[in-house]
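A.B. asks: To start, I am sharing the structure in question, which I have written as structure tokens.
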Amino acid sequence: MHVVLLRAALAFYSVGLVHSVVSVLSRKYTLFRASLYAVVVGFICQALSIIVRANELNYMPLTQRYEAFSFFAVLGAMGYLIAYSRYRIATLSIFVFPLIFILTFLANVAYDPSSSIPPVIQSNWIYVHTPLIFLGYAALFICFAGSAMYLIQERELKSKSHSLFYYRLPSLEICDDLSYRSLAIGFPLITLGILSGALWAQSAWGTLWGGDLKILLSVFTWLIYLLLIHYRFIAGWRGKRAAYLAIAGFVSVLVSFLGANYFGGLHSFTQ
2 MHVVLLRAAL
12 AFYSVGLVHS
22 VVSVLSRKYT
32 LFRASLYAVV
42 VGFICQALSI
52 IVRANELNYM
62 PLTQRYEAFS
72 FFAVLGAMGY
82 LIAYSRYRIA
92 TLSIFVFPLI
102 FILTFLANVA
112 YDPSSSIPPV
122 IQSNWIYVHT
132 PLIFLGYAAL
142 FICFAGSAMY
152 LIQERELKSK
162 SHSLFYYRLP
172 SLEICDDLSY
182 RSLAIGFPLI
192 TLGILSGALW
202 AQSAWGTLWG
212 GDLKILLSVF
222 TWLIYLLLIH
232 YRFIAGWRGK
242 RAAYLAIAGF
252 VSVLVSFLGA
262 NYFGGLHSFT
272 Q
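Counting in the working numbering, the sequence shown runs from 2 upward without gaps.
Written out as structure tokens, the structure reads:
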């Protein structure tokens, strides 16, 4: 049943993605409403898929690669819906929906019917560490989208001939505020996630690192966002420089996430 729901989520996300692109290009809000409804239904289907899978396992469904993809996607969709309810930025969808669709597509492609759970991760730490990390990733995903919109709009304002994005993007102040608020949520979450992960690793493997590339990449990602936090709060960075650093941070998030799924190490249980 959870597989059917996951496939249904992919179908609704594909509808949402297509309608969002068409609605932004044509500036027809009726099409965007269809896109929004499709993503809401897709989010519900995917959330139910995770709940059904958790009920089957009697455990948090994050022990398979496809489960990690699906969990990231559903939290990304949730982050988008929360951001949209606050800012009402229709254009945000074309920066967010592609990754949500791709993650859900990969979850379907990488589906593994196995229900075995490695003994080493049968710990209550999974209910603390993993949700914190993925919630932080979702918030930083929205931070990335806001930063990308800022850079595009900033370039449009400086250009003598405006392209189609100029009239479809929010003001620089709104883009910067979206990035700032998302960063303020995401950074504490990944900080707590890394700390809880270190405690879990120490209790499970007797080491905080053990040569795991995923952990090294996560710390590197955290340092990028720490630098961004420092420059925003201490040096008063806003706008273009902060946006570039936020984008670099999320690229590192994606590399770190893939590190858990493809590069092996102590996190290779997700395979």
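Where is the CB? At the ideal position from N, CA and C, for every residue including glycine. The structure presented is a predicted model; accordingly, all values stated were derived computationally and were not measured.
(1) What separation, rounded to the nearest whole angstrom, lies between the Cα atoms of L104 and L76?
(2) Helix, strand or coil for Y151 per DSSP?
(3) So is R233 buried or exposed if we call it buried at 16+ other beta carbons inside 10 Å?
(4) Determine the DSSP secondary structure at P171, reduced to helix, strand or coil.
(5) Are A1 and I101 closer than 7 Å when you measure CB to CB?
(6) According to DSSP, simplified to helix, strand and coil, what is P62?
(7) Measuring alpha carbon to alpha carbon, tell me which residue in K215, V25, L6 and R66 is nearest F44.
(8) Tell me which residue opens and which closes the alpha helix (DSSP H) that G1 is part of.
(9) Mind checking which residues open and close the alpha helix (DSSP H) that includes A108?
(10) Would S21 pass as a contact of S71 if the rule is Cβ separation under 7 Å?
(11) Would you tell me roughly how many angstroms separate the C-alpha atoms of R28 and L217, rounded to the nearest one?
(12) So, helix, strand or coil for Q123, using DSSP?
(13) Let me make sure I understand the geometry here. Which of R239, V110 and T31 has the alpha-carbon closest to that of E174?
(14) Among S253, R34, K241 and L11, which residue has its Cα nearest to the Cα of L152?
(15) Using 8 Å as the cut-off, can you tell me whether the segment 123 to 143 makes contact with the segment 183 to 200, which would need three or more C-beta pairs spanning the two stretches below that distance?
(16) Taking the beta carbon of F221 as the centre, do at least 16 other beta carbons fall within 10 Å, making it buried, or is it exposed?
(17) Measuring CB to CB, does A140 end up less than 7 Å from G198?
(18) Just the C-alpha distance for F270 and Y112, rounded to the nearest angstrom, thanks.
(19) Given a cut-off of 7 Å on the beta-carbon distance, is the pair L32 and V23 in contact?
(20) Helix, strand or coil for G187, going by three-state DSSP, please let me know.
(21) Shortest alpha-carbon distance to S253 belongs to which of Y60, L170 and F145?
(22) Kindly give me the distance between the Cβ atoms of L228 and L200, rounded to whole angstroms, as I take these residues to be in contact under 8 Å.
(23) Can you tell me whether DSSP reads W238 as helix, strand or coil?
(24) By the three-class DSSP mapping on this structure, what secondary structure does D178 have?
(25) Please work out which residues of its chain come closer than 8 Å, Cβ to Cβ, to I230, disregarding the five sequence neighbours upstream and downstream, and give them in chain order.
C.D. replies: Based on what the coordinates show:
(1) If you number the sequence shown from 1, residue 104 lands on position 103. If you number the sequence shown from 1, residue 76 lands on position 75. Rounded to the nearest angstrom, the two C-alpha atoms are 11 Å apart.
(2) Here residue 151 refers to the residue found at position 150 of the sequence shown. Three-state result, Y151: helix.
(3) Counting from 1 along the sequence shown, the entry for residue 233 is found at position 232. Buried, by the Cβ-count rule.
(4) The residue labelled residue 171 in the question sits at position 170 within the sequence shown. Residue state, collapsed to three classes: coil.
(5) Nothing can be reported for residue 1: it is not among the residues displayed for the chain, which extend from 2 to 272.
(6) Residue numbering aside, residue 62 sits at position 61 when the sequence shown is read from its first letter. If DSSP states are grouped into helix, strand and coil, P62 belongs with coil.
(7) Position 43 of the sequence shown holds residue 44. Selected option, being the one with the closest Cα: L6.
(8) One cannot answer for residue 1 here, as it falls past the ends of the chain, which runs 2 to 272.
(9) Along the sequence shown, read from residue 1 onward, the residue named residue 108 stands at position 107. Segment L93 to V110, the alpha helix (DSSP H) holding A108.
(10) As a working note, residue 21 is residue 20 in the sequence shown. As a working note, residue 71 is residue 70 in the sequence shown. Their beta carbons are not under 7 Å apart, which means S21 does not touch S71 by this criterion.
(11) Within the sequence shown, residue 28 is the residue found at index 27, counting from 1. Within the sequence shown, residue 217 is the residue found at index 216, counting from 1. So the alpha carbons of these two residues sit roughly 44 Å apart.
(12) By one-based count along the sequence shown, residue 123 stands at place 122. Reduced to three states, the DSSP call for Q123 is coil.
(13) Position 173 of the sequence shown, counted from the start, is the residue given in the question as residue 174. For the residues R239, V110 and T31, the minimum Cα distance to E174 belongs to R239.
(14) Indexing the sequence shown from 1 puts residue 152 at position 151. The option with the nearest alpha carbon to L152 is K241.
(15) yes
(16) One-based indexing of the sequence shown puts residue 221 at position 220. It is exposed - the Cβ of F221 has fewer than 16 other Cβ atoms within 10 Å.
(17) The count along the sequence shown starts at 1 and reaches residue 140 at position 139. The count along the sequence shown starts at 1 and reaches residue 198 at position 197. No, they are not a contact pair.
(18) By 1-based counting over the sequence shown, the position of residue 270 is 269. By 1-based counting over the sequence shown, the position of residue 112 is 111. Any reading at F270 needs caution, since the residue's pLDDT is 47, under 50, leaving its predicted position unreliable; the model's value is listed next. Whole-angstrom Cα-Cα distance: 15 Å.
(19) Stepping through the sequence shown from its first residue, residue 32 is reached at position 31. Stepping through the sequence shown from its first residue, residue 23 is reached at position 22. A contact, by the Cβ cut-off of 7 Å.
(20) In the sequence shown, residue 187 corresponds to position 186, counting from 1. Here G187 sits in helix by DSSP.
(21) Residue numbering aside, residue 253 sits at position 252 when the sequence shown is read from its first letter. For S253, the nearest C-alpha among the options comes from F145.
(22) As a first step, residue 228 is located in the sequence shown; it is residue number 227 there, counting from the start. As a first step, residue 200 is located in the sequence shown; it is residue number 199 there, counting from the start. L228 to L200, Cβ: 25 Å. No contact.
(23) Within the sequence shown, residue 238 is the residue found at index 237, counting from 1. W238 falls in the coil class under three-state DSSP.
(24) Mapped onto the sequence shown, residue 178 falls at position 177. Reduced to three states, the DSSP call for D178 is helix.
(25) Locating residue 230 in the sequence shown gives position 229, where the first residue counts as 1. Excluding positions up to five away in sequence, the list reads L184 and F188.
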